[in-house]
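Number of protein chains: 2
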Amino acid sequence: MATPTQPIPAEPAKLDAREVRAWRGLMRVHATLSKALDAELEAAHDLPLTSYEVLMHVADAEGERMRMCELAESILLSRSGLTRLIDRLERDGLVCRTTCSSDARGAFACLTPAGRAKLDAARATHLAGVRRLFLQHFGPEEQEVLASFWERVLPGAASTHCR
Amino acid sequence: MATPTQPIPAEPAKLDAREVRAWRGLMRVHATLSKALDAELEAAHDLPLTSYEVLMHVADAEGERMRMCELAESILLSRSGLTRLIDRLERDGLVCRTTCSSDARGAFACLTPAGRAKLDAARATHLAGVRRLFLQHFGPEEQEVLASFWERVLPGAASTHCR
DNA sequence: GCAGCGTCGTTGCACGCGCAAGGAGTCGAC
DNA sequence: GTCGACTCCTTGCGCGTGCAACGACGCTGC
Chain A
0 MATPTQPIPA EPAKLDAREV RAWRGLMRVH ATLSKALDAE LEAAHDLPLT SYEVLMHVAD
60 AEGERMRMCE LAESILLSRS GLTRLIDRLE RDGLVCRTTC SSDARGAFAC LTPAGRAKLD
120 AARATHLAGV RRLFLQHFGP EEQEVLASFW ERVLPGAAST HCR
Chain B
0 MATPTQPIPA EPAKLDAREV RAWRGLMRVH ATLSKALDAE LEAAHDLPLT SYEVLMHVAD
60 AEGERMRMCE LAESILLSRS GLTRLIDRLE RDGLVCRTTC SSDARGAFAC LTPAGRAKLD
120 AARATHLAGV RRLFLQHFGP EEQEVLASFW ERVLPGAAST HCR
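So the sequence lines, in the order shown, correspond to chains A and B.
Numbering of the first sequence is given in numbering that gives the first Met the number 0, commencing with residue 0 and proceeding in unit increments.
Numbering of the second sequence is given in numbering that gives the first Met the number 0, commencing with residue 0 and proceeding in unit increments.
Spelled out as structure tokens, the structure:
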């Protein structure tokens with residue numbers, strides 16, 4: 000009796016084929032799509048994907064401006080990373096910095112007319128890419144399934160330090 | 000008649016809420032999980048995730064060795080990127096380079112005993128992380144659904160230049 | 001043999017990012 | 001008021017990566 004060699008361990012030492020396909024598929028899809036979309040956007044509008052994300056989030060914010068730290072969180076970038084990114088975008092005239100009247104420490108990134116024009120032009124390219132490379136493959140109910148999957152995963156992964 | 004303002008364009012200028020959740024969820028899940036897994040692996044074994052991927056692929060290859068270009072493709076890295084990565088792993092004694100007898104241009108990356116030991120130690124950490132942060136949330140048939148989703152997306156995305 | 005062309009891996013360079021440290025400002029306790 | 005602890009953004013530095021260029025080699029046709 001007892002457990003001589005534990006024939007079916009609770010946590011096998013390897014992923015089975017199905018698990019590998021589900022997990023590595025995710026990694027590959029992300030890597031492939033983000034590279035493709037970035038290249039598309041850069042070729043068509045000379046705009047890196049991260050810059051596009053900044054413009055998009057700022058444009059969607061009310062007053063077309065966002066606090067730096069809030070923006071960094073939205074696009075999953077460190078604060079220093081965002082500082083340089085906004086530096087570049089400001090140099091290119093797509094956003095400008097504004098001081099925050101209620102908190103002198105803070106800064107807003109706000110859209111310039113050129114930034115809005117750039118975004119309007121780039122949005123069509125990006126959306127078409129996302130649809131063609133990704134959304135097109137899923138029906139509405141499948142998109143709903145995907146969305147619900149992500150909402151299962153994200154709460155537990157958001158803060159890794161806990162548990 | 001004609002189309003005065005085109006009330007329901009075939010390609011709306013924005014993603015609807017469901018599309019956003021399906022698409023941005025994917026991006027966020029990838030970013031969050033890959034950061035968390037990388038941090039975990041680095042904390043427990045002082046091994047970056049990309050290095051782990053190299054060790055894993057080499058270990059799974061027959062003879063525990065792989066050609067550089069093949070390896071680069073497996074982990075979605077450029078050739079130059081892989082050259083430096085193997086430089087680091089070789090410096091740390093985890094892999095070694097071997098010349099290819101049938102093609103003097105080529106080089107093999109092959110596992111050292113230290114590399115195999117490192118991998119064996121790290122594998123448990125990584126697998127536990129993948130299960131806890133991702134696979135745990137899905138039943139077998141849901142994993143199958145995910146896998147089939149990725150297999151739909153990947154063929155069209157693999158080569159962006161076509162179409 | 002020996003061109004010519006393609007492939008394999010490496011190197012110079014520049015870029016984007018994170019971490020740690022720092023200045024400036026805010027807030028609360030006393 | 002002012003001291004200490006915190007937050008916000010920026011800067012110095014190092015790291016990992018891709019692109020373009022390069023040398024070495026293989027392959028084909030002549």
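Virtual Cβ for every residue (Gly too), placed ideally from N, Cα, C.
Rounded separation between residue i and residue j - CA only
| i | j | result |
| --- | --- | --- |
| A:V129 | A:D45 | 18 Å |
| A:E39 | B:C95 | 38 Å |
| A:H160 | B:H125 | For A:H160, the predicted structure reports a pLDDT of 35, less than 50, and the residue's modelled location is therefore unreliable. The matter cannot be settled from this model. |
| B:E41 | A:G155 | 20 Å |
| B:A58 | B:R115 | 7 Å |
| A:A113 | A:L70 | 19 Å |
| B:W22 | A:L134 | 8 Å |
| A:M65 | A:A108 | 5 Å |
| A:E61 | A:R104 | 20 Å |
| B:T163 | B:G138 | Residue 163 of chain B is absent from the structure shown; chain B starts at 0 and stops at 162. |
| B:R87 | A:E141 | 43 Å |
| B:F148 | B:A30 | 19 Å |
| A:M26 | B:E18 | 20 Å |
| B:C99 | B:D119 | 27 Å |
| A:S33 | A:A127 | 14 Å |
| B:R131 | B:A123 | 12 Å |
| A:H56 | B:H56 | 38 Å |
| B:E63 | B:D102 | 18 Å |
| A:G80 | B:E72 | 28 Å |
| B:D37 | B:V28 | 14 Å |
Chain-order list of residues whose beta-carbon lies under 8 Å from that of residue i (same chain, five-residue window excluded)
| i | result |
| --- | --- |
| A:T49 | I74, L76 and L84 |
| B:R20 | none |
| A:A121 | L40, A43, H44, L46, Y51 and L54 |
| B:A106 | R66, M67, R96, T97, T98 and C99 |
Cβ-based burial, residue i [other Cβ within 10 Å; buried from 16]
| i | result |
| --- | --- |
| B:K117 | buried |
| A:T82 | exposed |
| B:G24 | buried |
| A:A146 | buried |
| B:R150 | The sequence shown places Glu at residue 150 of chain B, rather than the Arg named in the question. By the 10 Å Cβ count, B:E150 comes out exposed. |
| B:A12 | exposed |
| B:A16 | exposed |
| B:A35 | buried |
| A:R162 | The predicted position of A:R162 is uncertain, since its pLDDT is 30 and thus under 50; a value taken from the coordinates is nonetheless stated next. A:R162 is exposed by the Cβ-count criterion. |
| A:H136 | buried |
9 Å Cβ cut-off: residues of chain B touching residue i
| i | result |
| --- | --- |
| A:R122 | A12 and K13 |
Cut-off 7 Å between Cβ atoms - residues of its own chain near residue i, not counting five sequence neighbours on either side
| i | result |
| --- | --- |
| A:L14 | W22 |
| B:C68 | R78 |
| B:V152 | none |
| A:T111 | G92, L93, V94 and C95 |
| A:E89 | C95 and R96 |
Heavy atom of the ligand SAH within 7 Å of residue i beta-carbon
| i | result |
| --- | --- |
| B:H56 | Among the components of this structure there are no ligands whatsoever, and the ligand SAH is therefore not found. |
Partner residues on chain B for residue i, Cβ-Cβ distance less than 7 Å
| i | result |
| --- | --- |
| A:G92 | Result: empty, since nearest Cβ-Cβ is about 24 Å, beyond 7 Å. |
Chain-ordered chain A contacts of residue i [CB-CB under 8 Å]
| i | result |
| --- | --- |
| B:E186 | Coverage of chain B is limited to positions 0 through 162, which leaves residue 186 of chain B absent and any answer about it impossible. |
Residues near residue i by beta carbon distance below 6 Å, same chain, minus five either side
| i | result |
| --- | --- |
| B:D91 | none |
| B:V144 | none |
Chain A residues whose Cβ lies nearer than 9 Å to that of residue i
| i | result |
| --- | --- |
| B:L126 | E10, P11, A12, K13 and L14 |
| B:L153 | G24, R27, V28 and T31 |
Contacts of residue i in chain A (Cβ-Cβ under 7 Å)
| i | result |
| --- | --- |
| B:A146 | R17, R20, A21 and G24 |
Quiz prompt | Residues of the region 129 to 143 of chain A whose Cβ lies closer than 9 Å to any Cβ of chain B, in chain order | solution = Taking 9 Å as the Cβ-Cβ cut-off against chain B, the residues of the region 129 to 143 of chain A that qualify are V129, R130, R131, L132, F133, L134, Q135, H136, F137, P139, E141, Q142 and E143.
Quiz item: For the region 45 to 58 of chain A, which residues have a beta carbon sitting closer than 7 Å to at least one beta carbon of chain B?
Solution: Listed by position, the residues of the region 45 to 58 of chain A near chain B (Cβ gap below 7 Å) amount to none.
Practice problem: Using a Cβ-Cβ cut-off of less than 8 Å, give me the residues of the region 15 to 30 of chain B that come near chain A, in sequence order. | Solution: Taking 8 Å as the upper bound on Cβ-Cβ separation, chain A lies near residues R17, E18, R20, A21, W22, G24, L25, M26, R27, V28, H29 and A30 of the region 15 to 30 of chain B.
Practice problem: Check each residue of the region 85 to 115 of chain A: if its Cβ is closer than 8 Å to any Cβ of chain B, include it; give the result in chain order. | Solution: So the list is empty, because no residue satisfies the distance condition.
Exercise. Please name the residues in the region 56 to 85 of chain A whose beta-carbon is closer than 8 Å to at least one beta-carbon of chain B, in chain order.
Key: The region 56 to 85 of chain A vs chain B, Cβ under 8 Å: L75.
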